[in-house]
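Worksheet: the structure to be examined is printed underneath.
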Amino acid sequence: MFSSGLVFFNLLFQIYLSQVWFYGNYSAGPYKISDNPIFIGTDSVFVGDVLVDREKYAIDYNQSLVTFKEIIADSILVIVKFRPIPFSIQEKYYQQVVVKADSADLTISEQKIITDSISRIREGDLEMIGSKTISVDLSSKQGLGLGQATRIDIKGNLQGVNVWAMLSDAGNPIPAEGTTKELAEFDKIQIKVQAEKFIGYYGDNDYVQSLGNIGTINKKLTGVLFDLNFGNNTTNLGYAKSKGVYKKTGFYGQNNKQGPYYLTKDMNNAPIVPGTENVYLNAKRLVRGQNEDYTVDYASGSITFTNQNIINSFSRIEIDFEYATEEYNRYLILANHEWKLNRNFSMKIGALSENDDKFRNLSYDLSPSDIESLSLVSSESSRVWLSGVKFVGAGNGDYILENNYFVFAGIDSGDYDIRFSYVGANLGDYEYDNSIAGFRYAGVNQGKYVSRVLVQLPEQNRIYNADFKWQTPFGINIDLQGFWSQRKQNLFSENGFNNGLAYNITTSYEKEKYNIRYQRREIEKRFYFPYAGDETDFTYNWQGIRPESLKQKDQLDFEIRPFDFMLLSGGAGWLNTFIHSKYEQYFYGGKFFTRQEYSVLEWKITHYPQTENRYYLNLTPRYKIFYPGFEVFFQDQKDSSHRYLKPSLRIKYNEEIDFRIEADFKETRQPVVKEHQVYKIQASLNKNIISLNSIAGYQINRSDNILENGAWFANIFSRIKPMPGLDITADYLQQQSEMQTVELNYLWVGTGLGNYKQNPETNQYYYDPNGDYVQQMIPSGNFVINDFRKLQANWDFYKWPLVNFDGYYALDFENRGQASLQNTRTNRFLNFSVLPFQKSFSVKITNYGDYAKDDQFLAYAAIRTINNNRIEMNIQKIDQIPLVVSYEHNNQLIEKTDQGIDQKRQDQIFSIKPKIGFNLDFEVLLIYARALISKPLNYSQLGEFKLNKWELAVDKNWQIDKWSNLNTNFSAAFRSALIAQLPYDLNLNEPKGITPQIRISFDRIFDSASFNQVLLNAYYAFLKYPDRKPEHNFSTKLQVNF
7 MFSSGLVFFN
17 LLFQIYLSQV
27 WFYGNYSAGP
37 YKISDNPIFI
47 GTDSVFVGDV
57 LVDREKYAID
67 YNQSLVTFKE
77 IIADSILVIV
87 KFRPIPFSIQ
97 EKYYQQVVVK
107 ADSADLTISE
117 QKIITDSISR
127 IREGDLEMIG
137 SKTISVDLSS
147 KQGLGLGQAT
157 RIDIKGNLQG
167 VNVWAMLSDA
177 GNPIPAEGTT
187 KELAEFDKIQ
197 IKVQAEKFIG
207 YYGDNDYVQS
217 LGNIGTINKK
227 LTGVLFDLNF
237 GNNTTNLGYA
247 KSKGVYKKTG
257 FYGQNNKQGP
267 YYLTKDMNNA
277 PIVPGTENVY
287 LNAKRLVRGQ
297 NEDYTVDYAS
307 GSITFTNQNI
317 INSFSRIEID
327 FEYATEEYNR
337 YLILANHEWK
347 LNRNFSMKIG
357 ALSENDDKFR
367 NLSYDLSPSD
377 IESLSLVSSE
387 SSRVWLSGVK
397 FVGAGNGDYI
407 LENNYFVFAG
417 IDSGDYDIRF
427 SYVGANLGDY
437 EYDNSIAGFR
447 YAGVNQGKYV
457 SRVLVQLPEQ
467 NRIYNADFKW
477 QTPFGINIDL
487 QGFWSQRKQN
497 LFSENGFNNG
507 LAYNITTSYE
517 KEKYNIRYQR
527 REIEKRFYFP
537 YAGDETDFTY
547 NWQGIRPESL
557 KQKDQLDFEI
567 RPFDFMLLSG
577 GAGWLNTFIH
587 SKYEQYFYGG
597 KFFTRQEYSV
607 LEWKITHYPQ
617 TENRYYLNLT
627 PRYKIFYPGF
637 EVFFQDQKDS
647 SHRYLKPSLR
657 IKYNEEIDFR
667 IEADFKETRQ
677 PVVKEHQVYK
687 IQASLNKNII
697 SLNSIAGYQI
707 NRSDNILENG
717 AWFANIFSRI
727 KPMPGLDITA
737 DYLQQQSEMQ
747 TVELNYLWVG
757 TGLGNYKQNP
767 ETNQYYYDPN
777 GDYVQQMIPS
787 GNFVINDFRK
797 LQANWDFYKW
807 PLVNFDGYYA
817 LDFENRGQAS
827 LQNTRTNRFL
837 NFSVLPFQKS
847 FSVKITNYGD
857 YAKDDQFLAY
867 AAIRTINNNR
877 IEMNIQKIDQ
887 IPLVVSYEHN
897 NQLIEKTDQG
907 IDQKRQDQIF
917 SIKPKIGFNL
927 DFEVLLIYAR
937 ALISKPLNYS
947 QLGEFKLNKW
957 ELAVDKNWQI
967 DKWSNLNTNF
977 SAAFRSALIA
987 QLPYDLNLNE
997 PKGITPQIRI
1007 SFDRIFDSAS
1017 FNQVLLNAYY
1027 AFLKYPDRKP
1037 EHNFSTKLQV
1047 NF
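Numbering-wise (my numbering), the sequence shown opens with residue 7 and increments by one.
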């Protein structure tokens, strides 16, 4: 990509290990840890004194932010070690990919990290830091697997050319024929090369281009972008892959529903590309964050508003975003050139093309006959239904054809493979039947599925633009813009593109005390701009007209500031749509300021001739510590009216004490009178002893003076330190949201390829990482309002050095609109530890309790109760034989809400763990466990039975030399019971008999002249259940640090 004239860097930055520490603020983050970017892979995070797995947190290496998956309490110390890049770079977006492994599944290899050190290679003035890892996994159940991972950071200066690069992949598998890794295959790439007249970007980048009054192109891309500067000429070129497709949606909120609002329902609930959303509420731009205005579930494509803004039927919501298309790869080509003839005159031309790769459908394998069918579809269609039926031959499919419908014959027992699509209740012909793990015919319009597939058609969009700007010496500015669009929604079609033209003329006259601007825009009907428009709240401002209906718009604006404390503004607008309707609006208003430019009065009147008038007034005076406010809005139409009143009072004593109370009254007459009222108190208090941040209130909805519903809402975060050594935090959340009820299906995917198993004795499904089924949650189309409440308290008492008492209590409650649909969960944890004899003897007592009631799936509705008590003694009296002794008592009860007790279990566990010294250095673990179990619903004939377990484990670490280490672990568990046959699920997870297990791990560090360090890890595991074949697992990993 770079010319051969580039030579290696002559400026070397020393990379040093940096360390920061901080206490949690009872949030998951993000926490800022540095002012500079961070080299990838150089981070180590400790919570308390425990090194945290990287899958439990994510780091934005460019912005130097760490975010945890779980909340970090206030009293918890966090230490982060890393190597910073000692210069700033342009802000970029990174999406960390985390690969999870279930440690309970022995078929997944254990890969031990020997060291966190990452070294450097210097070649000339080039500095490179990174690592390369290759791993081989061999399992008796999963077969052979190969994997690799790469992390590289490069930086430096090269004869006046600055270079910065980051390349990373997240452990891509290696195919059997091997691989040559190309740059395009890396998960994360970012390369920047900058010279005097040239800047090049390669990899993951943000591209932003303003097209004046038409809109803005804002895309997240992976590819190549160039900026060339030659005097007064600038050229931009690019070729990249788009990460998503632009979408804009607007809607009104719903009463008592903060969310979730699904933004991609018409795109099969496609995920949103992270960080691409822009959210507006009543034309105000909102901020993402749990303690800010809204949160986003990118995977489901939904947004939920926090209690900072109470959503109701008057709330105007506009959101533009990019959704991740899973249909085709989409590519973008762009070219722009700008001439600046002098200080006052410039010209710019540009072209951009974005198109799908029609020959590579990523979600559906298109056959030649499919493509032929799609070529006959109109070029203006975007989606089409295709048959999901494929004949594969006798004994190669799962379905057979009988009486013009398909019947499930069993896996590999039929003639057809069929892809079914969910379409909703009574819209399809098939139902999924868990008893046969397949689809069955239900009758025409009697089911929820059809044997068809909805396919997105590949499309192409092109935008050409020209822009001429002239700033005259007399204060007059002229901007002429022209646009030509070409769109084809079906690239398989033989039809041509839909072409459309648009132009925009803007003239303005600007002086110090006043300015005036005139704008004219005209758009042809077939003009298409697939990116963000220039005007927020366009539909509301023009009485319900959608932006795509705009044909012609003229607007005149002016601002006059006759005095420093006064600003007057006004204007007029004229608009035509493609149905030849003409709209007009006239508006004027003003602001009054204090000497500190603080607005104390704002007003605006908008007049739509013969149809509507709008009046707005906002009064915000200030007197010492008092900030009263009064906001009022009136909207009068022929057949309806709307009123909005919002009084408030804020008292800000200082930075430590801030209090605000407000009320919000909304009323609409059309002709039914609908009212929405919100009363809210917001307070913050920050003192040494107590800190409080809270929002609380009540909302009411009425129709014709009849109360429809009311609901409380609250966010309260508090922390109290009543005395030295005692720290208490308490949080409360109450919020209303909407939930769609779902149905559970279990699809058979093959032996050992799923994560659920079916009990052949009861036909129930339960979680098992080596299962044969996968669980599907199918939306029912039925929605209920969910009243969610959550209370959590934490405390830590550490007044005396040798005594510590801490714990937490949490309550989650959900009421899903019906008394029979409730979720409740409470859990607690108490921990008491004492060191009566300094370090020679310690006692730790813990109690854990959990109560959960889940009625979401009525067939599986159950109440689960757990109570666990544990005492542990750590004895260090004998220097060479430190000893840990523990006793644990556990009660578990599972009760089906409509059937009775499903399982009752009581466990008692004794363990002793000595560490033998005397130069032997090995650990022994001896466990005895006894369980009393009864399963009245499905195994009532067994009554109460006992399950015993003895387990012995020996762990030895062998330090062969300073470069080599061998760890061995041998264990054997013996389980017995007085009954002849255990229930199915118990026999699967806790079978009677002897279960031996062996784990051996070998680590070796090699010195190398070419590399700083070479690390080798080999791991072997053996497991033999009494009723199954032995499981053998072997893995090896080679890591090169350079």
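Glycine residues also receive a C-beta, built at the ideal position from the N, C-alpha and C atoms.
Given the structure is predicted, the values throughout are model-derived calculations rather than measurements.
Residue 62 sits in a helix when the DSSP states are folded into three classes. Counting only residues of its own chain and dropping the five nearest sequence neighbours on each side, residue 449 has a CB closer than 7 Å to the CB of 435. Beta bridge pairing from DSSP links residue 779 with 754, 762.
Under the three-state reduction of DSSP, residue 674 is assigned to strand. Between residue 718 and residue 443, the C-beta gap is not smaller than 7 Å, which leaves the two residues out of contact. If you ignore the 5 residues before and after residue 205, its C-beta comes within less than 6 Å of the C-beta of 233, all in its own chain and listed in chain order. At the C-beta level, residue 1003 and residue 972 stay beyond 7 Å of one another. For residue 210, the number of other beta carbons within 10 angstroms of its own is at least 16, and it is reported as buried. Its Cα nearest to that of residue 596, the residue 608 stands out among 585, 608, 588, 589. Note that the C-beta distance between residue 622 and residue 630 is not below 7 Å.
Distance from the CA of residue 27 to the CA of residue 727, rounded to the nearest whole angstrom, comes to 22 Å.
The beta carbon of residue 847 lies closer than 6 Å to those of 881 in the same chain, with the five residues before and after it left out. Pairing residue 388 with residue 494, the inter-Cα distance amounts to about 9 Å. Taken through DSSP and simplified to helix, strand or coil, residue 992 comes out as helix. Rounded to whole angstroms, the Cβ separation of residue 670 and residue 684 is 4 Å, and the two are in contact under 8 Å. Its Cα nearest to that of residue 704, the residue 682 stands out among 419, 682, 329, 710. When the beta-carbon positions are compared, residue 250 and residue 378 stay at least 7 Å from each other.
In the displayed model, residue 452 falls within coil according to three-state DSSP, outside both helix and strand.
Annotation for residue 376: the continuous alpha helix (DSSP H) segment containing it runs 374-381. In this structure, DSSP gives residue 1003 an extended state, which the three-state scheme calls strand.
Annotation: residue 445 to residue 901 spans about 31 Å, alpha carbon to alpha carbon. A direct Cα-Cα distance of roughly 21 Å separates residue 918 from residue 925. Relative to the Cα of residue 212, the nearest Cα in the group 195, 807, 220, 218 belongs to 195. Out of 600, 936, 776, the CA that lies nearest to the CA of residue 995 is found in 776. Residue 1022 is bridged by DSSP to 1010, 1044.
Here the C-alpha atom of residue 667 lies approximately 29 Å from the C-alpha atom of residue 34. DSSP places residue 518 in the coil class of the three-state scheme, outside both helix and strand.
Per DSSP, residue 467 is one residue of the beta strand (DSSP E) stretching across 466-477. In this structure, the straight-line span from the alpha carbon of residue 876 to that of residue 858 is close to 21 Å. Going by beta carbons, residue 391 and residue 458 fall inside the 7 Å limit.
Within the region 511-557, the complete alpha helix (DSSP H) runs of at least 4 residues fall at 544-547. Rounded to the nearest angstrom, the gap between the Cα atoms of residue 854 and residue 300 is 33 Å. Within the same chain, Cβ atoms closer than 6 Å to the Cβ of residue 467 are found at 360, 493, 536, the five residues on either side in sequence being excluded. DSSP places residue 947 within a helical segment (H, G or I) once states are collapsed to three. Residue 1026 and residue 920 have their alpha carbons spaced roughly 25 Å apart. The C-alpha of residue 207 is placed about 10 Å away from the C-alpha of residue 170.
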